[in-house]
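Student: I have a structure I would like to understand better, so I am pasting it below and will then ask my questions one at a time.
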Ligand SMILES: [Fe+2]
Ligand SMILES: [Fe+2]
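Residue numbers (this note's numbering): 16 to 177.
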């Protein structure tokens with residue numbers, strides 16, 4: 016059984032790289048949209064992902080660890096690729112997968128908070144739960160965006176989100 020500390024570090028390393036992929040994907044996406052409240056909100060979500068990445072990075076440092084180089088490269092590439100894809104694909108798929116990712120992110124931060132609680136890191140617990148809350152807001156936003164789309168029932172059956 017890995018220790019609570021090792022488990023926390025692992026989740027934070029995943030989250031840290033996940034945030035860069037999300038941030039770049041959102042950047043690509045809002046840039047592909049015309050001025051609208053949706054564009055403004057996704058731009059704001061990008062900012063919130065950078066903020067998460069900064070906070071997660073600080074906790075990793077406090078734990079005497081840091082990002083994983085290979086994971087960073089892979090997720091950076093994923094983010095850039097998704098970002099570019101938004102300019103060529105329709106809006107539904109990127110929005111659907113963004114929502115689904117967000118639902119996983121909030122669970123990830125909640126799991127991390129449990130390990131931080133085991134370690135008595137109260138400030139870290141609060142910070143992680145706050146990030147989980149923001150991820151839930153992101154998920155809610157994307158849920159609203161895709162609601163009522165004709166492809167949604169099929170995607171829900173295959174990928175289980177919404
Ligand atoms: Fe995030
Ligand atoms: Fe998010």
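Glycine included, each C-beta is placed from N, C-alpha and C at the ideal position.
Within the chosen definition, does the stretch 109-127 reach the stretch 157-177 through at least 3 CB pairs nearer than 8 angstroms?
Tutor: Yes, they touch.
Student: Throw me the rounded Cβ distance for the residue 38 and residue 65 pair, which I believe falls under 8 angstroms.
Tutor: Going by Cβ atoms, the distance from residue 38 to residue 65 rounds to 5 angstroms, so yes, they are a contact pair.
Student: Among 36, 58, 109, which residue has its Cα nearest to the Cα of residue 89?
Tutor: Residue 36 is the option with its Cα nearest to residue 89.
Student: Rounded C-beta distance between residue 140 and residue 131? I'm assuming under 8 angstroms.
Tutor: Their Cβ separation, rounded to whole angstroms, is 5 angstroms, which keeps residue 140 and residue 131 in contact under 8 angstroms.
Student: Within the present structure, is the beta-carbon of residue 29 separated from the nearest heavy atom of ligand 2 by less than 7 angstroms?
Tutor: No, Cβ of residue 29 sits at least 7 angstroms from all heavy atoms of ligand 2.
Student: Keeping to the same chain, check which residues put their C-beta closer than 6 angstroms to that of residue 48; ignore five residues upstream and five downstream.
Tutor: Closer than 6 angstroms at the Cβ level, and outside the excluded window around residue 48, lie 54.
Student: Using a Cβ-Cβ cutoff of less than 7 angstroms, which residues in the same chain neighbour residue 166 once the five nearest sequence positions on both sides are dropped?
Tutor: Excluding residues within five positions, the ones whose Cβ falls inside 7 angstroms are 107.
Student: Identify, in the order they occur along the chain, each residue of the same chain with its Cβ nearer than 7 angstroms to the Cβ of residue 143, setting aside the five sequence neighbours on each side.
Tutor: 124, 127, 128, 131, listed in sequence order.
Student: Among 149, 177, 113, which residue has its Cα nearest to the Cα of residue 94?
Tutor: Comparing Cα positions, the closest option is 113.
Student: Grab the span of the alpha helix (DSSP H) containing residue 101 for me, first residue to last.
Tutor: Note, residue 101: premise wrong, no alpha helix (DSSP H); not H, not E.
Student: Verify the contact flag: residue 44, CB atom, against every heavy atom of ligand 2, threshold strictly below 7 angstroms.
Tutor: Checking the Cβ of residue 44 against ligand 2 gives no.
Student: Spatial neighbours of residue 58 within its chain, please: CB distance less than 6 angstroms, with the 5 preceding and 5 following residues excluded, ordered by chain position.
Tutor: Once the five neighbours on either side are set aside, the close Cβ partners of residue 58 are 45.
Student: Quick check: the Cα distance between residue 136 and residue 98, rounded to an integer number of angstroms?
Tutor: Those two C-alpha atoms are separated by around 35 angstroms.
Student: Find the nearest neighbour of residue 164 within the set 82, 111, 68, 152, judged by alpha-carbon distance.
Tutor: Among 82, 111, 68, 152, the Cα nearest to that of residue 164 is on 111.
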